[in-house]
Amino acid sequence: MSATVAPLPRRPANGVGSVRVRAHLPRPGVEAEPVDCTLFVLEAGDTFLALPEAVVTDPRGVPPLESLAFTEPAGGGGPLVPADERRKAQAYAVGNAAWHVQRGLRYVTSLLEHPLPILTVRLNAHGPDWGGGHYRLPARQYTDLPEQPGVAATGEVHLGTGRRYVGTRDGRYFAAPSHNAAIIYHELGHHVCRHTADFRGNRHRNQAAQTNLRTGIEEGTCDYLAAVLLGTPDIYGWHRGDRSVAAPRRRRLDTPLTMAGFRGGRDVDPHSDGTVWATALWSARFAWQEQGLAEHAFDSALLRALMHLGEESLSQDAAEREHMLRRRRYFSAVLAALLEQAQRHPGDPSGVSAVEAAFAARGIVVGHSNAALRDAARR
Ligand SMILES: [Zn+2]
289 MSATVAPLPR RPANGVGSVR VRAHLPRPGV EAEPVDCTLF VLEAGDTFLA LPEAVVTDPR
349 GVPPLESLAF TEPAGGGGPL VPADERRKAQ AYAVGNAAWH VQRGLRYVTS LLEHPLPILT
409 VRLNAHGPDW GGGHYRLPAR QYTDLPEQPG VAATGEVHLG TGRRYVGTRD GRYFAAPSHN
469 AAIIYHELGH HVCRHTADFR GNRHRNQAAQ TNLRTGIEEG TCDYLAAVLL GTPDIYGWHR
529 GDRSVAAPRR RRLDTPLTMA GFRGGRDVDP HSDGTVWATA LWSARFAWQE QGLAEHAFDS
589 ALLRALMHLG EESLSQDAAE REHMLRRRRY FSAVLAALLE QAQRHPGDPS GVSAVEAAFA
649 ARGIVVGHSN AALRDAARR
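Per the numbering used here, the sequence shown starts with residue 289, numbered consecutively.
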């Protein structure tokens, strides 16, 4: 099913510099106009673009750099349009995905003040029949799709070709993940989590046998980062605008969700539970801003909190280690770390109080498990 994975350059050599590309930030229900952007490229090959932060690959081929300035989204392509339209959409996907990945990682780097390990981004990773997007670490087994050997130990984002058309103001658009900044940013968020809070303790595992299981705290953090980078709480409004605003799969961050809506447990989609955390973060960021404080300072406190959690030394004993990791994934544990980092922000301490109050309004306070917070919110 999948095409052979081309070997990636480990150490890009011939610096190319900045090139012009076209990319867009889709708005809910609207096919946004692509705009001219600048992408910094280290090296380009037939099937890859090496950036300082990431390597973007497409086994179908990467267009010549000079042509990236003239690509068109072509309505996302899809099976119902002629082959030359699909090729246009594919070429646009490369520049669009590369630009958003670079933009997102640069924002995170500016907050952490150090770069993350190189991210590999594979377009068309699972052949033409796969329409999804996911983040993968090498593992002994995978829950949904088998992976090619050699998944990068530092993590890979896989973006499929799409599986359905969505209606827009301008007609239909094929929902290609590589055209959708929300999906790109969400998956990039998993790379951020892996190399900061590391909620699953993957850095303590055999690097060829990590786990891709995720929990609500991670999924919610990814949605929050997507909202920050998109500048809207309705992150999936473009592809999921036909769903009601409050629908769990819509995953809007500006709904009045509280811990009463948290479910927990292995059988629950962590994306849904994560929305509780994401909405709390979003409202806390707003509360912080209302105190006259810069929003990026709040994001910086969050990223530093995640990094701080990931630096906690874990027990050598497997059972004890899993217990420590479970506590790390409590919303209240991340909130405590966030408040600690926010207190270090120079200036008016009212920002910390405002953040604490915003989380409390969602039923999230320091010192309790997720289940205890849920039960308290339902009383
Ligand atoms: Zn996810």
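Yeah, the Cβ is synthetic: ideal placement off N, Cα and C, and Gly gets one too.
Quantities reported herein were computed from a predicted structural model and do not represent experimental measurements.
Excluding the 5 residues preceding and the 5 following residue i in the sequence, name in chain order all residues of the same chain whose CB lies nearer than 7 Å to its CB.
i: Arg-537; result: Arg-528 and Arg-531
i: Ile-652; result: Met-547, Ala-568, Phe-619, Ser-620, Leu-623 and Leu-661
i: Ala-625; result: Ala-593, His-596 and Leu-597
i: Pro-340; result: Phe-328 and Leu-330
i: Ala-664; result: Gly-651
i: Val-640; result: Leu-627, Ala-630 and Gln-631
i: Arg-667; result: none
Considering only residues of the same chain and omitting the five flanking positions on each side of residue i, which have a CB-CB separation below 6 Å?
i: Tyr-618; result: Ser-657 and Asn-658
i: Gly-392; result: Tyr-473, Leu-476 and Leu-517
i: Thr-408; result: Val-343, Ala-440 and Glu-444
Helix or strand or just coil, what does DSSP make of residue i?
i: Tyr-430; result: coil
i: Ala-582; result: coil
i: Glu-610; result: helix
i: Leu-626; result: helix
i: Leu-296; result: Because Leu-296 carries a pLDDT of 43, less than 50, the predicted location of this residue cannot be relied on, and no value is offered for it.
i: Glu-331; result: strand
i: Asp-324; result: strand
i: Glu-444; result: strand
i: Ala-362; result: helix
i: Leu-407; result: strand
i: Val-572; result: Note that residue 572 is Ala in the sequence shown, not Val. Residue state, collapsed to three classes: helix.
i: Gly-455; result: strand
i: Met-289; result: Legend: pLDDT at Met-289 = 33, less than 50; position of this residue unreliable, no value from coordinates given.
i: Arg-632; result: coil
i: Arg-617; result: coil
i: Ala-301; result: Reliability of the predicted coordinates at Ala-301 is poor, the pLDDT of 48 falling under 50, and the value obtained from them is presented with this limitation in mind. In this structure, Ala-301 counts as coil in the three-state DSSP scheme.
i: Arg-315; result: strand
i: Gln-604; result: coil
i: Trp-418; result: coil
i: Val-564; result: helix
i: Leu-541; result: coil
Taking the alpha-carbon positions, what's the residue i to residue j distance?
i: Ala-385; j: Ala-332; result: 15 Å
i: Glu-610; j: Ala-338; result: 37 Å
i: Ala-470; j: Pro-634; result: 32 Å
i: Tyr-423; j: His-483; result: 13 Å
i: Gly-580; j: Arg-573; result: 11 Å
i: Val-480; j: Cys-510; result: 8 Å
i: Ser-638; j: Glu-628; result: 14 Å
i: Glu-507; j: His-478; result: 8 Å
i: Gln-557; j: Gly-419; result: Checking the displayed sequence, the identity of residue 557 turns out to be Asp instead of Gln. Each residue's alpha carbon lies about 19 Å from the other.
i: His-495; j: Arg-488; result: The displayed chain sequence assigns Gln, not His, to residue 495. Cα to Cα, Gln-495 sits roughly 13 Å from Arg-488.
i: Gly-549; j: Val-564; result: 7 Å
i: Gly-365; j: Arg-310; result: 16 Å
i: Gly-305; j: Glu-435; result: 33 Å
i: His-467; j: Leu-411; result: 11 Å
i: Ile-406; j: Gln-390; result: 11 Å
i: Leu-545; j: Ser-560; result: 11 Å
i: Val-643; j: Gln-577; result: 10 Å
i: Leu-356; j: Pro-465; result: 18 Å
i: Ala-645; j: Val-654; result: 11 Å
i: Leu-313; j: Thr-335; result: 25 Å
i: Arg-632; j: Glu-321; result: 40 Å
i: Ala-381; j: Asp-372; result: 14 Å
i: Thr-456; j: Val-533; result: 17 Å
i: Asp-636; j: Val-307; result: 42 Å
i: Ala-294; j: Ala-649; result: Low confidence applies to Ala-294: its pLDDT is 43, below 50, so where it sits in the model is not reliable, and the reading given next is rough at best. Each residue's Cα considered, the two are about 50 Å apart.
i: Val-454; j: Gly-525; result: 11 Å
i: Ala-377; j: Pro-361; result: 5 Å
Starting from residue i and walking both ways along the alpha helix (DSSP H), at which residues does that stretch end?
i: Leu-476; result: 469 to 482
i: Leu-393; result: 371 to 400
i: Val-516; result: 504 to 518
i: Phe-462; result: Phe-462 -> not in any alpha helix (DSSP H); beta strand (DSSP E) instead, spanning 459 to 462.
i: Ala-648; result: 638 to 649
i: Arg-666; result: 658 to 666
Identify the continuous beta strand (DSSP E) that holds residue i and give its terminal residues.
i: Arg-308; result: 305 to 311
i: Leu-337; result: 336 to 338
i: Phe-550; result: No beta strand (DSSP E) holds Phe-550; DSSP gives it neither H nor E.
i: Ala-485; result: From DSSP, Ala-485 is part of no beta strand (DSSP E); its letter is neither H nor E.
i: Thr-345; result: 342 to 345
i: Tyr-524; result: First-last for Tyr-524: undefined, no H or E at that position.
i: His-422; result: 421 to 424
If I measure Cβ to Cβ from residue i and keep anything under 8 Å in the same chain, skipping five residues before and after, which residues do I get?
i: Ala-515; result: Pro-521, Ile-523, Leu-541, Ala-566 and Trp-570
Given 7 Å as the limit, tell me if residue i has its C-beta closer than that to any heavy atom belonging to ligand 3.
i: His-474; result: With respect to ligand 3, the structure shown offers nothing to examine, as its ligands consist of ligand 1.
State yes or no: is the beta carbon of residue i nearer than 8 Å to at least one beta carbon in chain C?
i: Ala-381; result: This model lacks chain C altogether; it includes just one protein chain.
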